[in-house]
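**Student:** Dropping the structure in here first, questions after.
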Amino acid sequence: MHDGDALSEVCRRLGPAIYRRCLKILRNPDEASDACQKVFMQLVRHRSRLPPEPEQLRWVYVVATRVCFAQLRDDAWETASGTELNHDAPAPTDSFAEVADRQMALKALSCATEHERMVAWLVLVDGHSQQEAAELLRLSRKTIGKRIQLFLANARRELFE
């Protein structure tokens, strides 16, 4: 099998998972599609670093998360003039509490470092254990715990002081 054929197979096999991951973070189908394309570009660019098949989903999951966070950061930078992010716009079924919770979470995430955001998302939003997050990010469980504590302390300070 040629390198291009193997890469096409990986994209075809992991494409739906990449899209679901991007949609969960970005909450917008068009932006999720754009993010998927960026993830696929990363796959092409770094195909020599693509791990063996059993580890590919984990690798792509982390890449997709980073791409989506970069897109959220870029969107926040572009809309710093005072316009609302479309991520804050409530879906028709959202209650006031859900919208407020989402806005608080986005504010807390926007004040965190990329490393803190990644860990916070995996543990607090996706529901991974600290051990699972450590395995996904190839960090120690202790490092994950420290980053969660730092994220929560900074979020409390940012949101409530």
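What the sequence shown shows, in this note's numbering, is residues 61 to 221, in sequence order.
Even for Gly, the Cβ is constructed at its ideal location relative to N, Cα and C.
#1: Count the other C-beta atoms from every protein chain shown that fall within 10 angstroms of the C-beta of GLN190, then say buried if there are 16 or more, exposed otherwise.
#2: Identify the continuous alpha helix (DSSP H) that holds ARG216 and give its terminal residues.
#3: Let's see if you can read the secondary structure: which residues bound the alpha helix (DSSP H) around LEU196?
#4: In three-state terms, what does DSSP make of CYS71?
#5: For ASP148 and ARG217, I'd like the C-alpha separation in whole angstroms.
#6: Are the beta-carbon atoms of LEU219 and ALA168 separated by less than 8 Å?
#7: I need the straight-line Cα distance from ARG105 to SER68, nearest angstrom please.
#8: In whole angstroms, what separates the C-alpha of GLN116 from that of GLU192?
#9: Are ILE204 and ALA213 touching if we call contact CB-CB under 8 Å?
#10: Count the other CB atoms, across all protein chains shown, that sit within 10 Å of the CB of ARG207; report buried if there are 16 or more and exposed otherwise.
#11: Here's the rule: buried if 16 or more other CB atoms are within 10 angstroms of the residue's CB, otherwise exposed. What is GLU113?
#12: Any idea what DSSP makes of LEU103, helix, strand or coil?
#13: Take PRO152 and list the residues in its own chain whose beta-carbon comes closer than 7 Å to its own, dropping the five residues that flank it on each side.
#14: If you count every other CB in all the chains shown that lies within 10 Å of the CB of VAL120, and 16 or more means buried, which is it?
#15: Is ARG73 buried or exposed, if buried means 16 or more other CB atoms sit within 10 Å of its CB?
#16: Can you tell me whether GLU176 is buried or exposed? The criterion is at least 16 other CB atoms within 10 Å of its CB, across all chains shown.
**Tutor:** Working from what's here:
#1: Position 130 of the sequence shown, counting from 1, holds the residue named residue 190. Label assigned to GLN190: buried.
#2: Start at 1 with the first residue of the sequence shown, and residue 216 comes out as number 156. Where ARG216 is concerned, the enclosing alpha helix (DSSP H) stretches over 201-220.
#3: The count along the sequence shown starts at 1 and reaches residue 196 at position 136. Going by DSSP, LEU196 is part of the alpha helix (DSSP H) stretching over 190-197.
#4: As a position in the sequence shown, residue 71 is number 11, starting the count at 1. If DSSP states are grouped into helix, strand and coil, CYS71 belongs with the helices.
#5: Here residue 148 refers to the residue found at position 88 when the sequence shown is read from its first residue. Here residue 217 refers to the residue found at position 157 when the sequence shown is read from its first residue. Because ASP148 sits at a pLDDT of 47, beneath the cut-off of 50, its placement in the model cannot be relied upon, and the following sentence gives the value as read from the coordinates. Straight-line Cα distance between these residues: approximately 21 Å.
#6: Within the sequence shown, the letter at position 159 stands for residue 219. Within the sequence shown, the letter at position 108 stands for residue 168. The answer is yes: Cβ separation under 8 Å.
#7: What you label residue 105 is simply residue 45 of the sequence shown in a count that begins at 1. What you label residue 68 is simply residue 8 of the sequence shown in a count that begins at 1. Cα-Cα distance, rounded: 13 Å.
#8: Taking the sequence shown and counting its residues from 1, one reaches residue 116 at position 56. Taking the sequence shown and counting its residues from 1, one reaches residue 192 at position 132. Computed Cα separation, rounded: 16 Å.
#9: If you number the sequence shown from 1, residue 204 lands on position 144. If you number the sequence shown from 1, residue 213 lands on position 153. No.
#10: The sequence position of residue 207 within the sequence shown is 147, counting from 1. Classification for ARG207: buried.
#11: Translated into positions along the sequence shown, residue 113 becomes position 53. Its Cβ having fewer than 16 others within 10 Å, GLU113 is exposed.
#12: Within the sequence shown, the letter at position 43 stands for residue 103. Looking at LEU103 - three-state DSSP - the assignment turns out to be helix.
#13: Along the sequence shown, one-based indexing puts residue 152 at 92. Because the pLDDT of PRO152 is 45, which lies under 50, any placement of that residue in the model is unreliable, and the number read from its coordinates should be weighed accordingly. Correct list: empty, nothing qualifies.
#14: Locating residue 120 in the sequence shown gives position 60, where the first residue counts as 1. VAL120 comes out buried.
#15: Taking the sequence shown and counting its residues from 1, one reaches residue 73 at position 13. By the Cβ neighbour-count rule, ARG73 is exposed, with fewer than 16 other Cβ atoms within 10 Å of its own.
#16: If you number the sequence shown from 1, residue 176 lands on position 116. By the Cβ-count criterion, GLU176 is buried, with 16 or more other Cβ atoms from all chains shown falling within 10 Å of its own Cβ.
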